[in-house]
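Quick notes on the structure that follows.
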Amino acid sequence: MSAIAPTRRGAAQSPVAPGSPVATESAVWALLRTVPDPEIPTVSVVDLGIVRSVAVTPERIRVELLPTFVGCPAIEAMREAVAEKLVTLAPEVEVVVSYAEPWTSERITLAGREKLRRSGFAPPAGGAPTDELGSRGPLLTVAPVARCPYCDSPRTLLENVFGPTQCRSIYFCTACRQPFEQFKSV
Amino acid sequence: MTLPGAWPAELTVDALPPLGQLLLSLADDEFVIGFWDSEWTGIAPMLEEDVAMSSLAQDEIGHARLFYDELARLTATDADAIAFGRPMGDFRHARLLDHPRTDWAFTVARRYLYETADAVRLEALVASSNAPVAEGVAKIRREERYHLMHVDAWLRRLAVGQGEGRAKLDDALRRLGPEASSVFAPLPGEEELVRDGVIAASLADLYGTWTGVVGPVMRELRLPFDPIPPTTGGRGPDHGPDFAWLWTEFTSVARSEQGARW
Numbered sequence: 001m002s003a004i005a006p007t008r009r010g011a012a013q014s015p016v017a018p019g020s021p022v023a024t025e026s027a028v029w030a031l032l033r034t035v036p037d038p039e040i041p042t043v044s045v046v047d048l049g050i051v052r053s054v055a056v057t058p059e060r061i062r063v064e065l066l067p068t069f070v071g072c073p074a075i076e077a078m079r080e081a082v083a084e085k086l087v088t089l090a091p092e093v094e095v096v097v098s099y100a101e102p103w104t105s106e107r108i109t110l111a112g113r114e115k116l117r118r119s120g121f122a123p124p125a126g127g128a129p130t131d132e133l134g135s136r137g138p139l140l141t142v143a144p145v146a147r148c149p150y151c152d153s154p155r156t157l158l159e160n161v162f163g164p165t166q167c168r169s170i171y172f173c174t175a176c177r178q179p180f181e182q183f184k185s186v
Numbered sequence: 187m188t189l190p191g192a193w194p195a196e197l198t199v200d201a202l203p204p205l206g207q208l209l210l211s212l213a214d215d216e217f218v219i220g221f222w223d224s225e226w227t228g229i230a231p232m233l234e235e236d237v238a239m240s241s242l243a244q245d246e247i248g249h250a251r252l253f254y255d256e257l258a259r260l261t262a263t264d265a266d267a268i269a270f271g272r273p274m275g276d277f278r279h280a281r282l283l284d285h286p287r288t289d290w291a292f293t294v295a296r297r298y299l300y301e302t303a304d305a306v307r308l309e310a311l312v313a314s315s316n317a318p319v320a321e322g323v324a325k326i327r328r329e330e331r332y333h334l335m336h337v338d339a340w341l342r343r344l345a346v347g348q349g350e351g352r353a354k355l356d357d358a359l360r361r362l363g364p365e366a367s368s369v370f371a372p373l374p375g376e377e378e379l380v381r382d383g384v385i386a387a388s389l390a391d392l393y394g395t396w397t398g399v400v401g402p403v404m405r406e407l408r409l410p411f412d413p414i415p416p417t418t419g420g421r422g423p424d425h426g427p428d429f430a431w432l433w434t435e436f437t438s439v440a441r442s443e444q445g446a447r448w
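Just so you know, the protein sequences line up as chains A and B, in that order.
Residues in the first sequence are numbered consecutively from 1, following my numbering.
Residues in the second sequence are numbered consecutively from 187, following my numbering.
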């Protein structure tokens, strides 16, 4: 068990009696696809790549979640929503927050990227910026380019790397003159 | 969330094992700078910086929670008790972080000195033999990259801008320079951490790495940079009146009703 945050572990009480048919992993994943991101409900926790693993035994379901940012205030809400969604499948549900591998923006699925774009959010572009300590580059040249989610123009300006949540930056489209947000590359 | 039970009276920070000392220093540094910087919310020099500083501070406090959680596992307490239930004199953040936010140039100067030092320290922990530390640091470094870019841009902007901003930046760097090395103050039991591969090098060695990184930037920008090697007094227990005020602020809710839940 490599979750670094044991105090943020949650278990849900289930109406399922012991001895009921064992839930399948695919049934668990199917339900997880219906758990929305608390801020952008058009994408699910699976679309965002937040679910790291699902383990199913006759006694319990165990799910590991990867926070997009270490201090993400939404992770508790997601943990609770996942636990509540799965209680119908097993007598015991354990949802843990894990850092066993870092969540990266590459974990957002293709379907997730498309759903984000349709909701007015540019998906993360390429990999994380490669800027290293001591580099001389000005901020703008290392920031990946975002395409406007409204008109698809690449003529966008990074207004602020830091946005309304830890995981989003603020851009402006010079073609359709629309401000929008992009998921940060991490 | 449960408000803290009290920090157990029998648990003194000086009695923590070396790993606990390391976790406490990492957590307290991030926690305290996060609180100071969060004070810019609403009053930063421009709207973009209101948003940026709020986000940066939120990141730092998130990093602190990760390290406090791990320390809580070692000491059978909880992160809130360590953060909000601990006496003022048990904080072990670096002396560099004892000062209030002051003005914008001071905040930029302090953030630059701290973030560059923190980056050197995190690099020495990314291959730690302690799995939770290595895993947490791998995630944190992805966020800290943005912090470095942000403060590097501001240091250059104020340095090149001349005028009042440059003068204030010079003053702040002169004032903070001698304290910057406190991030690398030796920790009790540090030799054990190096021997066991928890950290890749001694803090004294990391201080050398840091001066090698920051020195050339400061020379290029002709900014004052006169660090002095770290000493044992770099991490409290006496943190002075400014931190006493901050501690009173950030513990005020927890102290108002012990054990309350929200």
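From the three backbone atoms N, C-alpha and C, an ideal C-beta is built for every residue, glycine too.
Residues bridged to residue i (per DSSP)
| i | result |
| --- | --- |
| Phe172 of chain A | A:Leu157 and A:Pro179 |
| Glu64 of chain A | A:Ser53 and A:Val96 |
| Ala122 of chain A | A:Gln182 |
| Pro36 of chain A | A:Ser44 |
As assigned by DSSP and simplified to three states, the class of residue i
| i | result |
| --- | --- |
| Val95 of chain A | strand |
| Arg447 of chain B | strand |
| Pro138 of chain A | Note that Pro138 of chain A scores a pLDDT of 38, beneath 50, so its modelled location is shaky and nothing firm can be said. |
| Ser388 of chain B | coil |
| Ser105 of chain A | helix |
| Pro364 of chain B | helix |
| Ser314 of chain B | coil |
| Pro41 of chain A | coil |
| Pro413 of chain B | coil |
| Met232 of chain B | coil |
| Pro427 of chain B | helix |
| Phe162 of chain A | coil |
| Val337 of chain B | helix |
| Trp290 of chain B | helix |
| Pro170 of chain B | The shown model of chain B, from 187 to 448, leaves out residue 170 of chain B, and the question about it has no answer. |
| Thr418 of chain B | helix |
| Arg327 of chain B | helix |
| Cys167 of chain A | coil |
Residue-chain proximity (residue i, chain A), Cβ-Cβ < 8 Å
| i | result |
| --- | --- |
| Ala238 of chain B | yes |
| Tyr298 of chain B | no |
| Ile268 of chain B | no |
| Arg251 of chain B | yes |
| Tyr393 of chain B | no |
| Lys354 of chain B | no |
| Ile326 of chain B | yes |
| Gln244 of chain B | yes |
Of the listed residues the options, nearest to residue i (C-alpha basis)
| i | options | result |
| --- | --- | --- |
| Leu355 of chain B | B:Gly401, B:Ala195, B:Ile326 and B:Trp290 | B:Trp290 |
| Glu376 of chain B | B:Trp193, B:Pro194, B:Pro204 and B:Glu196 | B:Pro204 |
| Pro318 of chain B | B:Ala371, B:Tyr254 and B:Glu225 | B:Tyr254 |
| Ala295 of chain B | B:Ser368, B:Leu212, B:Ala430 and B:Ala358 | B:Ala358 |
| Thr57 of chain A | A:Ala100, A:Glu92, A:Ala111 and A:Val145 | A:Glu92 |
| Trp396 of chain B | B:Leu407, B:Ile414 and B:Ser438 | B:Ile414 |
| Gln244 of chain B | A:Phe183, A:Val186, A:Ser98 and A:Thr165 | A:Thr165 |
| Arg361 of chain B | B:Ser314, B:Val306 and B:Leu299 | B:Leu299 |
| Asp276 of chain B | B:Phe429, B:Arg297 and B:Gly398 | B:Phe429 |
| Arg352 of chain B | B:Leu257, B:Val384, B:Ser388 and B:Met404 | B:Met404 |
| Asp37 of chain A | A:Cys167, A:Cys176, A:Ser185 and A:Ser98 | A:Cys167 |
| Ala390 of chain B | B:Ser367, B:Arg331, B:Glu216 and B:Glu234 | B:Ser367 |
| Leu116 of chain A | A:Gln182, A:Asp152 and A:Thr34 | A:Gln182 |
| Leu130 of chain B | B:Pro402, B:Ser442, B:Arg441 and B:Pro416 | In this structure chain B extends from 187 to 448, so residue 130 of chain B is not present and cannot be described. |
| Ala310 of chain B | B:Val384, B:Arg259 and B:Ala195 | B:Val384 |
Residue i classed as buried or exposed, judged by whether at least 16 other C-beta atoms fall within 10 angstroms
| i | result |
| --- | --- |
| Thr156 of chain A | buried |
| Pro123 of chain A | buried |
| Trp29 of chain A | exposed |
| Val337 of chain B | buried |
| Ser119 of chain A | exposed |
| Ile247 of chain B | buried |
| Arg447 of chain B | exposed |
| Gln348 of chain B | exposed |
| Thr434 of chain B | exposed |
| Trp222 of chain B | buried |
| Thr198 of chain B | exposed |
| Gly71 of chain A | buried |
| Gln444 of chain B | exposed |
| Asp47 of chain A | buried |
| Cys151 of chain A | exposed |
Within-8 Å CB hit, residue i to chain B
| i | result |
| --- | --- |
| Gln178 of chain A | no |
| Gly163 of chain A | yes |
| Pro102 of chain A | yes |
| Gly134 of chain A | Because Gly134 of chain A sits at a pLDDT of 34, beneath the cut-off of 50, its placement in the model cannot be relied upon, and the point is left open. |
| Val186 of chain A | yes |
| Tyr99 of chain A | yes |
| Phe69 of chain A | yes |
| Gln182 of chain A | no |
| Thr141 of chain A | Confidence is the limiting factor: at Thr141 of chain A the pLDDT is only 41, short of 50, which leaves the residue's position unreliable, though a coordinate-based value still follows. Not closer than 8 Å to any Cβ of chain B, the Cβ of Thr141 of chain A fails to qualify, so no. |
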